[in-house]
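The structure appears below as structure tokens.
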Amino acid sequence: MRTYLMPRAVRTRFEFSPGFGLPELVAVVAGGVLGLVLQWAWSALPLHGPALFGCRVFLFSLPLASGFMLLRQDATGASLYGRLRAARAFISRPRRYLFRYRGWS
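Reminder that position 98 of the sequence shown reads as 167 in the working numbering, one-by-one numbering, no gaps.
Have a look at this one:
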């Protein structure tokens with residue numbers, strides 16, 4: 070009988086393209102839905118003009134782009150959301166954060 074070495078805590082992440090996986094897709098779709106709701110609410114106002122079309126496009130694209138940028142991972146695998154969480158953890162307890170992630174006491 071053969072014995073095989075199995076690595077511990079193997080994690081796989083399905084990605085459509087590098088740095089864009091299922092969580093990013095969900096964030097983009099949720100941002101698109103929110104953008105459509107904002108665009109619909111803006112179009113319900115009794116306003117007219119060419120500049121207002123730009124406002125409607127902006128209201129649609131802002132949540133769409135912010136959802137993508139918030140969860141998009143860079144080459145190191147960190148996202149803006151992850152960095153904000155790490156900054157909040159460091160601000161609340163700096164010594165614990167450094168001990169946990171840097172190995173310092």
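The C-beta atom is built at its ideal place from N, Cα and C for all residues, glycine as well.
Remember, it's a predicted structure, so these values are computed and weren't measured experimentally.
Smallest Cα separation from residue i: which of the options?
i	options	result
Phe83	Gly123, Val126, Glu93 and Cys124	Glu93
Ala99	Leu133, Leu153, Arg154 and Leu91	Leu133
Ser130	Arg165, Ala120, Phe122 and Gly101	Gly101
Thr81	Leu74, Tyr73 and Gly90	Gly90
Val106	Gly118, Phe127 and Pro119	Phe127
Going along the chain, which residues of its own chain have a beta-carbon closer than 6 Å to the beta-carbon of residue i, five neighbours each way excluded?
i	result
Leu139	Leu149 and Tyr150
Phe137	Val97
Once you ignore the five residues that flank residue i on each side, which residues in its own chain have a CB closer than 8 Å to its CB?
i	result
Asp143	Gly88
Arg141	Gly88, Phe89, Glu93, Ser148 and Leu149
Specify, as a first and last residue, the run of the alpha helix (DSSP H) that residue i falls within.
i	result
Ser135	Pro119 to Leu140
Ser161	Leu149 to Ser161
Gly100	Leu91 to Ser112
Just reading off the beta strand (DSSP E) that residue i is part of, what are its end residues?
i	result
Phe85	Glu84 to Ser86
Which whole-angstrom value is the C-beta distance of residue i and residue j, which I expect to be below 8 Å?
i	j	result
Cys124	Trp111	6 Å
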